[in-house]
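Visitor: Encoded as structure tokens, here's the structure I'll be asking about.
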Amino acid sequence: MQRSAGSRRRRRNTSRPFLGGAMAVIAAGALTVTGLVSTAQAADVNNAKNAGFESGLANWSCSAGSGATVSTPVRSGTSALKATPAGQDHAKCTQTVAVKPNSTYALSSWVQGGYAYLGVTGSGTTDVSTWTPGSTTWTKLSTSFKTGANTTSVTVYTHGWYGQSAYFADDVEVTGPDGGGGGDGPGPVIPAAPAGLTAGATTTSSVALSWNAVSGATGYKVYRDGVQATTSTGTSATVTGLAADTAYQFTVSATNAAGESVKSAAVSARTAKPGTGGPGPAVPKHAVTGYWQNFNNGAAVQKLTDVPADYDIIAVSFADATPTPGQVTFKLDTAGLNGYTDAQFRADIKTKQAQGKNVIISIGGELGTVRVDNDASATAFANSVYALMQDYGFNGVDIDLENGLNATYMTKALRQLSAKAGSGLVITMAPQTIDMQSTSGEYFKTALNIKDILTVVNMQYYNSGSMLGCDGKVYSQGSVDFLTALACIQLEGGLDPSQVGIGVPASTRGAGSGYVSPSIVNAALDCLTKGTSCGSFKPSKTYPSLRGAMTWSTNWDATAGFAWSKAVGPHVRSLP
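Residue 45 is where the sequence shown starts when you use our numbering, and the numbers rise one by one after that.
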């Protein structure tokens, strides 16, 4: 993993068009057609459906999963659209609206946040749009258009701009003669029952639950043994106040303004016995790991509580070497993290753990020079990592040593740490591709040596050249075959499938090379677990218990509008 934007991380050109000054005037002139705005007649209606986003994204479609509904800020009602540009996607959200031919319509929407555009295509005459460079308060965008002689529908859209912050939209109006679409459209319908309800981490008094999102839902109700226990606006909740060592049955329903769905299929879970808990919550069967940066290298600066719930393991990057061989220490970069205090950080670790997440300390990175190559340094490593766990409350350790590793003494160090921390210690590893080409490599040997206490190996499938797959063929990075054929080496080389994860950059800026889209990651996961969505390489068998995926980093994910975690997180949870 890389601490700085330089070195091996070579960024592509991320410059964006300059929209200020004269160019903004030109752009505005090109985008806006004047002289068409007219006062709507009394009989006119708003032909847009779900114009206030009260039914989620029903009737709307947003590019690259860029849109979501939020409860704040809103101009009216309880919801508004939030759309986040990422990479080359400018977060375009569209709706097909029924209109009458040869008619004039007033088009408007209230917007807030970053650059926001409003427009229409397919009018049959002159398509129009208007925009604003952003506002901290609700601002109304207005224009109008006339339909052609054969036009019965148009496409209304909003979008932001490359490299700009998220924009919000609410109360879209396409006001004019009724196009036959039912005015503002039918009211919300009762949503479907949630699917995929799963019980996650448990304590002596709580059970963490998660489920799949339901289209049109604005909230969810969670039931314990048939009685409502809590509510949630997202797709997860933790039910608290439970008795230790007790079995419970849980269901969840979806709600919106129209009412409540039927309850989901039930899932059972038992709380932990007193005194048997490990250092932290249990890692889910399928898990997502994300590295959190304790430094500012141009990616979004985050607090731990800013890391989305899609991440099950958060690796704090990085612990630093001391003059004593093998010993590590950690200090929060308060100045680089915009004043994030040590006290806040410690409290946020507890908050994440209460949500069923594991927070671990990562050792090494691209610039890390921690050496564990004799008995004394192995003991110093184990003692210092355990001291950090005791001091900050970390649940375990991540081994990301990119400058060499001695299998004999790292094995000793991790076994000493395990003896101190006990069962439940989380140990992850992030080797480079070259480190896992053969079981004779030091990283691979270490993983096999500690297989009984190892959580997951998330190999870095990036900043790599071409590599051999388990079939002896050479594969280039950036493809589904590269991910699956190289994972196969670990899967067939002795690691349990539950100890294998796919590590990729969260955005093109997160690594020098090897970025793949979230859809490629999901295809590789499906290929390995289900035998579907494979490329030219198809494993001889499937590995349904494959652990999941990892990304560098949660900060680069945030910079790209969380496009990676929004796509990969739910997919990992849906694996068999």
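Note that the Cβ used here is the ideal one computed from N, Cα and C, for glycine as well.
Just so you know, these numbers come straight off a predicted model, no measurement behind them.
Pairing CB atoms from the segment 497-505 with CB atoms from the segment 459-470, are three or more of them under 8 Å?
Guide: yes
Visitor: Among the candidates GLY121, TYR559, SER421 and ASN447, whose CA atom is the shortest distance from the CA of PRO475?
Guide: ASN447
Visitor: Helix, strand or coil for GLN293, going by three-state DSSP, please let me know.
Guide: strand
Visitor: Got a sec? Which residues, its chain only, sit under 7 Å from PHE606 by beta carbon, not counting five neighbours each side?
Guide: For PHE606, where only same-chain residues beyond five positions count, the Cβ hits under 7 Å are PRO352.
Visitor: Quick one: using the 10 Å Cβ neighbour count with 16 as the cut-off for buried, is TYR161 buried or exposed?
Guide: buried
Visitor: Sort ALA424, GLY96 and PHE212 by Cα distance to VAL218 and report the nearest one.
Guide: GLY96
Visitor: On the premise that VAL143 lies in contact with VAL198, defined as a C-beta separation below 8 Å, what is that separation, rounded to the nearest angstrom?
Guide: 6 Å
Visitor: Who pairs with ASP444 in a beta bridge, going by DSSP?
Guide: GLY408
Visitor: Report the CB separation of ALA261 from ALA298 in whole angstroms; it is logged as a contact under 8 Å.
Guide: 4 Å
Visitor: How do the segment 120-135 and the segment 209-216 stand: do at least 3 beta-carbon pairs fall below 8 Å, yes or no?
Guide: yes
Visitor: The alpha helix (DSSP H) with GLN460 in it runs from where to where?
Guide: 451-465
Visitor: Which word fits GLN481, buried or exposed, when buried means at least 16 other C-beta atoms lie within 10 angstroms of its C-beta?
Guide: buried
Visitor: Within the continuous alpha helix (DSSP H) that includes TYR487, where are the two ends?
Guide: 486-493
Visitor: Per DSSP, GLN272 forms a beta bridge with which residues?
Guide: TYR267
Visitor: Have a look at ASN103 and ASN94 and give me their C-alpha separation to the nearest angstrom.
Guide: The straight-line gap separating the alpha-carbon atoms of ASN103 and ASN94 is approximately 7 Å.
Visitor: Could you pull out every residue in the same chain whose Cβ sits closer than 6 Å to the Cβ of THR282, ignoring the five residues on either side in sequence?
Guide: For THR282, same chain residues with a beta-carbon under 6 Å away, outside a window of 5 residues either side, are SER250 and ALA252 in chain order.
Visitor: Hey, could you find the ends of the beta strand (DSSP E) GLN534 is sitting in?
Guide: First-last for GLN534: 524-536, but that is the alpha helix (DSSP H), not the beta strand (DSSP E).
Visitor: How many angstroms separate the CA atom of HIS330 from the CA atom of GLN139?
Guide: 36 Å
Visitor: Do ILE546 and ALA593 have their CB atoms nearer than 8 Å?
Guide: The answer is yes: Cβ separation under 8 Å.
Visitor: With burial defined as no fewer than 16 other Cβ atoms inside 10 Å of the residue's Cβ, what is the status of GLN346: buried or exposed?
Guide: buried
Visitor: Can you name, in chain order, every residue of its own chain whose Cβ lies under 7 Å from the Cβ of THR116, other than the five neighbours on each side?
Guide: none
Visitor: ASP222 by DSSP, collapsed to three states: which one?
Guide: coil
Visitor: Is THR140 close to chain D? Criterion is C-beta to C-beta, closer than 8 Å.
Guide: Reference to chain D is not applicable here, since this structure consists of a single protein chain.
Visitor: Take the Cβ of VAL565 as the centre, count every other Cβ of all protein chains shown within 10 Å, and call the residue buried at 16 or more, exposed below.
Guide: buried
Visitor: Among SER105, PRO221, SER186 and ASP601, whose alpha-carbon lies nearest the alpha-carbon of THR195?
Guide: PRO221
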